[in-house]
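Protein chains: 2
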Amino acid sequence: MLPVAGVEIGAVAAGFRYTGRPDLMMAVFADGTAAAGVFTRTKAPAAPVDWSKGALSENGGTAKALVVNAGNANAFTGERGMKAATKSAEVAAAIVGCAPNEVMLASTGVIGVPMNGSLFEKPLETIHAGLSGALWKDAARAIMTTDTFPKGGSRVAEVEGRPVTISGFAKGSGMIAPDMATMLGFVFTNAALTPACLQAILSEATDLSFNSITVDGDTSTNDTVLAFATGQNVRFDPIDDPNDPRLDNFKACFTDLMTDLAQQIVRDGEGATKFVSVTIEGAENDAAARTIAKSVANSPLVKTAIAGEDPNWGRLVMAVGKAGEAADRDKLQIWIGGQQVAKNGAVHPRYSEPEAAAHMKGQEIDIRINVGVADGTATVWTCDLTYDYIRINADYRS
Amino acid sequence: MLPVAGVEIGAVAAGFRYTGRPDLMMAVFADGTAAAGVFTRTKAPAAPVDWSKGALSENGGTAKALVVNAGNANAFTGERGMKAATKSAEVAAAIVGCAPNEVMLASTGVIGVPMNGSLFEKPLETIHAGLSGALWKDAARAIMTTDTFPKGGSRVAEVEGRPVTISGFAKGSGMIAPDMATMLGFVFTNAALTPACLQAILSEATDLSFNSITVDGDTSTNDTVLAFATGQNVRFDPIDDPNDPRLDNFKACFTDLMTDLAQQIVRDGEGATKFVSVTIEGAENDAAARTIAKSVANSPLVKTAIAGEDPNWGRLVMAVGKAGEAADRDKLQIWIGGQQVAKNGAVHPRYSEPEAAAHMKGQEIDIRINVGVADGTATVWTCDLTYDYIRINADYRS
C-alpha cells in the first residue's frame, strides 16, 4: 500500500480479545481533511456506527482521526456502549488535539460484551508516539478478526495531469465469522475534495463494490465504509462537483480499488473454495438487476450446487423467479462459463453439460442471466457454500 | 387419514423418474365440489401452476379431479411444457368424464426436462379402475420426492353440531432437495362451502401454515396448495361467508391440520436435526412480525449456531436488525427456551448461558423476540443448517 500525503498511521496490541497481535489502529489526518461514510442499514446498529454517523453530521464532513478496534464490536451493549464509544473518541481527541466529533470510530468483534472506553487511552498514546506514513499493513492487520489475510491496495489516479494516490484496506470474511460478522473498509486519498463530493463518490463506489458482494446475505450491526480526502500535495482547489470531468479517472480508480477490496473479502469467505460472478442483464433497471443477482448469489441451493461443481441451471431459474423482480420466463437466457445453457425459457438445444461441468471444476465461476425485460444490469460477487462454512459457524463461541 | 365423503383416490407407479414406487396420484370428486388454490409467487412458474391457476379462474372454482406426479416438475420447459400439461388434463378429463379445466394439476421433480403428456394416459386409466375412498397413504407416498416419510393428517370439525371431516397430505423437505424443491399440499373436506368461501379460508390458513415455514428461504417454481370441499353428507347449504360463526370450529381445525402438515415438512428438512420455533412480538403489525421472523429463521448464521447448539443471541440481534422492519434496539427483549436472555438492548443481568446451552441441546428450540415497537406477532418454524444440508445439495444430480 502506497503512502498518502496527509495520513499518518499506526497499530498496537491493546488486548481487546486477542493476544500477541495488533487489534487497535489509529490514523491521523492533516487539518482540513474531508470525510464521508456509508453505514450498515441494520435497525440495530452498534454504538460506534451511531457515533461516526452523528459526528459526520455534526462536523459537516471532516475528520482528524480514525480509531478502529477488533475483538469487541461494542454492539448491543445498551447505554453503556455509547458511553464507551464517546469515551474512546474523547481519549483520541485529547491525544491528537481535536474535537471528539472529529474522531471517526469503527469496531468489530463479539456482540453483546460491554466495552470499557478507558482501555483505549494507553494504547492510543503508544500509537500516537509511533505514527508513520508507512504502517499501512500493520493497520490492515489490526482490524482483522477471522480474516486469513490482510486486505489492502492502492491506485494512482490522475487529476489535472498530476498523480493522486488512493490507498485503502478492509476486513471481513463475508458475514460468516462466528460473532464477528463485520465488513469494514477505509479509503484514503490526497485528492482535494469537498465533503459532499467525497460522499457522492463514496456512495456510488460502495454500491458497485461493497454492496455488490455477499457471502450469506447476513448483515452486520457494525458494517462501515469511510473515506478520507486530505487535499495535501495537490495543486487544485477542493472539487465540489462529483461530475466534474477532472475527476473521471479518479472516480474510476477509486471504484476499482473499492471493488478490489470487496473482492478480496469474498475470496476470504470462510469455507469458500470458489469465486463466483453473477451478472444479470435485461432487468427492469439496474436496481432490479442487483436484487435478482443477490437472489441468485444468496440462494443456498445455488451455492451448494457450486460447491458440488454441478452446473445445476434449474436452481438458477428458481433463484431468478423468487427474487420478485420482473423476469420473462419465456425469454430467459442463461450462460455458464460463457456457454449458453438456456434460451427462450427452456434448455438450449446445443447445451453441453460436460462443457458446463468442466467450467464448474474451476475456481472462478461465471454465471450470466438475461431476464428479457429491459436493459438493467448488475454484477454481484459471491462464494460457494461448503462444509467448512458449517464447521466454522456451528462451532461454539467459547 | 380419514376418508372424506365425495373423494375417491388412487396412485400408481407410472415411471416418471422413479422405479418401484408410485409416482402418480389422482383424486376424483363428487359433482359440485368447490376448489381453491394458493400458488408460488415465483416469476418463473411451472406449466402445471399456470394450468391450475387458469382453470380455477375459468371454471369459477370447481374441480372434478386432481392429478399430481412426482419426478418431473414440468418447469422451465417452454411451450412444450404447457402443451404437456394441457394434454395430461385432457387425458384425465376424458377418463373421468368432465371438462379439462375441471382437472387440477401439480407436478414436482426435476426442472428443465421435457414432459410427454401422453405418458399419463394408461396409468390414469389404471388408477381410475381402482379408485377407493381409503387410499390416502398411497397418494401421500406418490407425491414424495426426497421426502423420507409421507406427510398427512385428518381433523374432525363440527358444523351445526355435526361432524365434518378434513383430510390432507403434503410433500416437501423444505426447498432443499436436489432439483426437487417443491412444496405441495392438498386438503379435502366434505363441508359445503362456496368457492369464494373456501378460497378465503385456504388463503388465511396458508399464511399461518405453509407460508410460515422455511428451510432455506428458496422458493420453488411449483409450490401449490389446493383445497377441495365436496359438500357431501352434510345437512347445510353451501356457506358463502368465511366469517359465518358456524365455521369457527371448522376454520380452527382446517388451520390446525394445515399447520401440522407444514410442520411435518420442516421436520423432514433434509439434514435437519432440530425443529425451531421463532416467535416475534411487538412488531409494527403481523406482516412485519412475519418478515422479521423469516429473517431470523433464514439466517445462515442463526441456523448454523443452532446446529452447533450455541445460544448465540448476538446473531439473533443481527437477524432482527437486517430484516428492514421497525425494531427498537434499546427495547429489544430475547428469550431462548423460556429464559430471558436480553432486555433493554443488552444482555439480561441474570442471563444463565449454561441454562440456554442446555436448551439448545434439545431437539425442539424455542426462540422468542420482542422488538418493542407495537403489537404485531408471528411465528415461523424452521430447522437448523447442518453438514448434511451441504452434502445432500452439493451432490451432483446424475
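Those protein sequences? They're chains V and D, same order as listed. Following our numbering, the numbering of the first sequence begins with 270 at its first residue and continues without gaps. Following our numbering, the numbering of the second sequence begins with 270 at its first residue and continues without gaps. Even for Gly, the Cβ is constructed at its ideal location relative to N, Cα and C.
How big is the Cα-Cα spacing for G577 of chain V and Y658 of chain D?
Numbered from its first residue, the first sequence carries residue 577 of chain V at position 308. Numbered from its first residue, the second sequence carries residue 658 of chain D at position 389. For G577 of chain V and Y658 of chain D, the distance between alpha carbons rounds to 12 angstroms.
Put V589 of chain D into one of helix, strand or coil per three-state DSSP.
Translated into positions along the second sequence, residue 589 of chain D becomes position 320. Looking at V589 of chain D - three-state DSSP - the assignment turns out to be helix.
Look at the alpha carbon of N512 of chain V and the alpha carbon of I561 of chain V, and state the distance between them as a whole number of angstroms.
By one-based count along the first sequence, residue 512 of chain V stands at place 243. By one-based count along the first sequence, residue 561 of chain V stands at place 292. Using only the alpha carbons, I get a separation of about 29 angstroms.
With 7 angstroms as the threshold, decide whether the Cβ of Y656 of chain D is near any Cβ in chain V.
Locating residue 656 of chain D in the second sequence gives position 387, counting from the first residue. Interface with chain V (7 angstroms Cβ-Cβ cutoff): Y656 of chain D is included.
Spell out whether any CB of chain V is found under 7 angstroms from the CB atom of T573 of chain D.
Translated into the one-based positions of the second sequence, residue 573 of chain D becomes position 304. Chain V contact via Cβ: present.
Per DSSP, which one or two residues make a beta bridge with L271 of chain V?
For this step, residue 271 of chain V is matched to residue 2 along the first sequence. According to DSSP, L271 of chain V bridges with nothing at all.
Would you mind reading off the limits of the alpha helix (DSSP H) that contains M527 of chain D?
Counting from one through the second sequence, the residue named residue 527 of chain D turns up at place 258. Unbroken alpha helix (DSSP H) run through M527 of chain D: D517 to R536.
Please report how far the alpha carbon of I445 of chain V lies from the alpha carbon of A332 of chain D, in whole angstroms.
For the purposes of this step, residue 445 of chain V is taken as residue 176 along the first sequence, with counting starting at 1. For the purposes of this step, residue 332 of chain D is taken as residue 63 along the second sequence, with counting starting at 1. With a pLDDT of 46 at I445 of chain V, under the threshold of 50, the modelled position of that residue is not reliable, and the figure given next carries that caveat. Taking the straight line from one Cα to the other gives about 49 angstroms.
What are the residues of the region 358-390 of chain D that lie near chain V, defined by any Cβ-Cβ distance shorter than 9 angstroms?
V379, I380, G381, V382 and P383
By the DSSP assignment, the beta strand (DSSP E) with R431 of chain D in it spans what residues?
The residue labelled residue 431 of chain D in the question sits at position 162 within the second sequence. Unbroken beta strand (DSSP E) run through R431 of chain D: R431 to K440.
DSSP three-state label for T493 of chain D, please.
In the second sequence, counting from the first residue as 1, residue 493 of chain D sits at position 224. Looking at T493 of chain D - three-state DSSP - the assignment turns out to be strand.
Which residue comes first and which comes last in the beta strand (DSSP E) that contains L335 of chain D?
Numbered from 1 along the second sequence, position 66 holds the residue referred to as residue 335 of chain D. It spans A334 to N341 - the beta strand (DSSP E) in which L335 of chain D sits, taken as one unbroken run.
Alpha carbon to alpha carbon, how far is E394 of chain D from I364 of chain D?
Translated into positions along the second sequence, residue 394 of chain D becomes position 125. Translated into positions along the second sequence, residue 364 of chain D becomes position 95. Taking the straight line from one Cα to the other gives about 7 angstroms.
Note down the Cα distance separating Y287 of chain D from M413 of chain D, rounded to an integer number of angstroms.
Residue 287 of chain D sits at position 18 when you count from the first residue of the second sequence. Residue 413 of chain D sits at position 144 when you count from the first residue of the second sequence. Roughly 10 angstroms between the two C-alpha positions.
Leaving out the 5 sequence neighbours to the left and right, which residues in its chain are closer than 6 angstroms to M670 of chain D when beta-carbon positions are compared?
Shown here, chain D extends from 270 to 667; a query on residue 670 of chain D therefore has no answer.
Using a Cβ-Cβ distance cut-off of 7 angstroms, determine whether L570 of chain D contacts chain V.
In the second sequence, residue 570 of chain D corresponds to position 301, counting from 1. Interface residue, yes.
Could you spell out where the beta strand (DSSP E) holding Q609 of chain V opens and where it closes?
For the purposes of this step, residue 609 of chain V is taken as the residue at position 340 of the first sequence. Looking at the DSSP string, the run of the beta strand (DSSP E) that includes Q609 of chain V is Q608 to K612.
At a CB-CB cut-off below 8 angstroms, which residues of chain D make contact with R598 of chain V?
Sequence index remark: in the first sequence, residue 598 of chain V carries index 329 (1-based). Simply K312, A313, P314 and F345.
For the pair the region 498-506 of chain D and the region 614-623 of chain D, tell me if three or more CB-CB distances fall below 8 angstroms.
no
Would M373 of chain D pass as a contact of L495 of chain D if the rule is Cβ separation under 7 angstroms?
For this step, residue 373 of chain D is matched to residue 104 along the second sequence. For this step, residue 495 of chain D is matched to residue 226 along the second sequence. Yes.
Report the partner residues of V425 of chain V according to the DSSP bridge assignment.
Within the first sequence, residue 425 of chain V is the residue found at index 156, counting from 1. Paired residues: V:T434.
Would you call the CB atoms of E553 of chain D and T646 of chain D closer than 7 angstroms?
As a working note, residue 553 of chain D is residue 284 in the second sequence. As a working note, residue 646 of chain D is residue 377 in the second sequence. No, the pair does not count as a contact, with Cβ atoms beyond the cut-off.
Smallest Cα separation from C367 of chain D: which of D:F389, D:E348, D:S387 and D:N328?
Counting from 1 along the second sequence, the entry for residue 367 of chain D is found at position 98. Of the listed residues, the one whose Cα sits closest to C367 of chain D is D:N328.
The region 486-509 of chain D: which residues have C-beta closer than 9 angstroms to a C-beta of chain V, in chain order?
G486, D487, T488, S489 and T490
Using a Cβ-Cβ cut-off of less than 9 angstroms, list which residues of the region 581-605 of chain D approach chain B; keep chain order.
Among the chains of the structure shown, chain B does not appear; the protein chains present are V and D.
Do you know how far the Cα of Q608 of chain V is from the Cα of G421 of chain V?
Against the first sequence, residue 421 of chain V aligns to sequence position 152. Against the first sequence, residue 608 of chain V aligns to sequence position 339. One C-alpha to the other measures close to 34 angstroms.
Give the range of the alpha helix (DSSP H) segment to which L570 of chain V is assigned.
Locating residue 570 of chain V in the first sequence gives position 301, where the first residue counts as 1. Looking at the DSSP string, the run of the alpha helix (DSSP H) that includes L570 of chain V is P569 to A576.
Within 10 angstroms of its Cβ, does P514 of chain V collect 16 or more other Cβ (buried), or is it exposed?
The sequence position of residue 514 of chain V within the first sequence is 245, counting from 1. Its Cβ having fewer than 16 others within 10 Å, P514 of chain V is exposed.
Identify every residue that forms a DSSP beta bridge with M295 of chain V.
Residue 295 of chain V sits at position 26 when you count from the first residue of the first sequence. Per DSSP, V:G279 and V:V336.
Taking I634 of chain D and V589 of chain D to be in contact with their CB atoms under 8 angstroms, please state how far apart those CB atoms are, rounded to whole angstroms.
One-based indexing of the second sequence puts residue 634 of chain D at position 365. One-based indexing of the second sequence puts residue 589 of chain D at position 320. Contact flag wrong, Cβ pair sits at about 17 angstroms.
I'd like to check one pair, N480 of chain D with A719 of chain D: are the Cβ atoms closer than 7 angstroms?
No answer is possible for residue 719 of chain D: it lies beyond the span of chain D, which begins at 270 and ends at 667.
Could you compute how far the alpha carbon of T548 of chain V sits from the alpha carbon of V318 of chain V?
Taking the first residue of the first sequence as 1, we reach residue 548 of chain V at position 279. Taking the first residue of the first sequence as 1, we reach residue 318 of chain V at position 49. Cα to Cα, the separation comes out at about 31 angstroms.
Listed in chain order, which residues of the region 609-627 of chain D have Cβ atoms closer than 9 angstroms to some Cβ of chain V?
A611, N613, G614, A615, V616, E622 and A626
Spatial neighbours of S568 of chain D within its chain, please: C-beta separation below 6 angstroms, excluding the five flanking residues on both sides.
On the second sequence, position 299 is the one that residue 568 of chain D refers to. So the qualifying residues of the chain are A588.
In angstroms, rounded to a whole number, what distance separates the CA positions of Q532 of chain V and K440 of chain V?
Here residue 532 of chain V corresponds to residue number 263 of the first sequence, with the count starting at 1. Here residue 440 of chain V corresponds to residue number 171 of the first sequence, with the count starting at 1. In a straight line, the C-alpha of Q532 of chain V is about 11 angstroms away from that of K440 of chain V.
Alpha carbons only, please: which of D:S489, D:D416, D:R290 and D:G437 is nearest the one belonging to T423 of chain D?
If you number the second sequence from 1, residue 423 of chain D lands on position 154. It is Ser, not Thr, that sits at residue 423 of chain D in the sequence shown. Of the candidates D:S489, D:D416, D:R290 and D:G437, the one whose C-alpha sits nearest the C-alpha of S423 of chain D is D:G437.
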